[in-house]
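Numbering (the numbering used here), first residue to last: 2 to 237.
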Ligand code: HEM
């Protein structure tokens, strides 16, 4: 059993499953971040919906269990992708990418999964320092306490909205977010269907469908995260 995780296909399976798990997180994350733009639409004061969302995520016991799983998912995905890439480079020369079948229609994404992954990782380092480490008190941040509607009552919590809003007032930070998000989109355009192919869901009916779904997810994530950062910079 242990051997399966040391074989090439076993490693690719682990990478695929961890990648799909991370995509689920991205949907939740994008939904939460879209609250940054929606207060006006629902008649709330600026920042109230996002602060309520962050408060929910920070106090919900289920999220507390999922958070370390997420971190483990990232670590596993990164370590296995590096092992596989170097294994393939050694076996087939520097042109080879981690095991993908490049039989037809080789896309920019499929050829550049490693550089795109590295760009996403570099973005994540900046991103985690910007927000996560401040909110967890690892990097100094003195938030003011604010009130927001929370399941029918008013709750008090940290003003995460102002932290995000002030971060996105800096043009070059917004540029990093746009590059990071677009790299993520391109990474997913190939990664999504490739993961299903590895799992074995690669019949002629479903593979074209999964490729389309992958592109929809890629556009949603790439454009969605970018648009939030740019809209914050321009309009908030
Ligand atoms: C407009 C763009 C984005 C905004 C405003 C944003 C906002 C945030 C905030 C406020 C946190 C801290 C949450 C907390 O500690 O309670 C966070 C954490 C995090 N973000 Fe983002 N994010 C953005 C894009 C992204 C992208 C593109 C990725 C993935 C590539 C990502 C991955 C993460 C991860 C892994 C964490 C740490 C786990 C967590 O706290 O849930 N974020 N983000």
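Where is the CB? At the ideal position from N, CA and C, for every residue including glycine. Here the structure is a predicted model, which is why all the values come from computation and not from measurement.
Going by C-alpha distance, which of 173, 49, 12 and 163 is nearest residue 86?
Working through the chain shown from its first residue, we reach residue 86 at position 85. Nearest option by C-alpha distance: 12.
Under the criterion of a Cβ to heavy atom distance below 7 Å, does residue 191 qualify as lining the ligand HEM?
On the chain shown, residue 191 is found 190 positions in, with the first residue counted as 1. Checking the Cβ of residue 191 against the ligand HEM gives no.
By the 10 Å Cβ neighbour count, where 16 or more other Cβ atoms means buried, how is residue 167 classified, buried or exposed?
Working through the chain shown from its first residue, we reach residue 167 at position 166. Burial call: exposed.
From the DSSP secondary-structure annotation, give me the bridge partner or partners of residue 149.
As a working note, residue 149 is residue 148 in the chain shown. In DSSP, residue 149 forms a bridge with 156.
Could you check whether the Cβ of residue 162 sits closer than 7 Å to any heavy atom belonging to the ligand HEM?
The sequence position of residue 162 within the chain shown is 161, counting from 1. Answer for residue 162: no, Cβ out of range of the ligand HEM.
Sort 130, 34, 164 and 126 by Cα distance to residue 143 and report the nearest one.
Taking the chain shown and counting its residues from 1, the one referred to as residue 143 is at position 142. Comparing Cα positions, the closest option is 164.
Measure how close the beta-carbons of residue 51 and residue 161 come, nearest whole angstrom, since I'm counting them as under 8 Å.
Residue numbering aside, residue 51 sits at position 50 when the chain shown is read from its first letter. Residue numbering aside, residue 161 sits at position 160 when the chain shown is read from its first letter. Sure, about 7 Å apart at Cβ, within 8 Å.
Answer yes or no: the CB of residue 230 versus the heavy atoms of the ligand HEM, is any distance below 7 Å?
Within the chain shown, numbered from 1, the residue matching residue 230 stands at position 229. Residue 230: yes, Cβ under 7 Å from the ligand HEM.
So, does the stretch 111-127 touch the stretch 20-37, judging by three or more C-beta pairs under 8 Å?
no
In three-state terms, what does DSSP make of residue 143?
As a position in the chain shown, residue 143 is number 142, starting the count at 1. The answer is coil: DSSP assigns residue 143 none of H, G, I, E or B.
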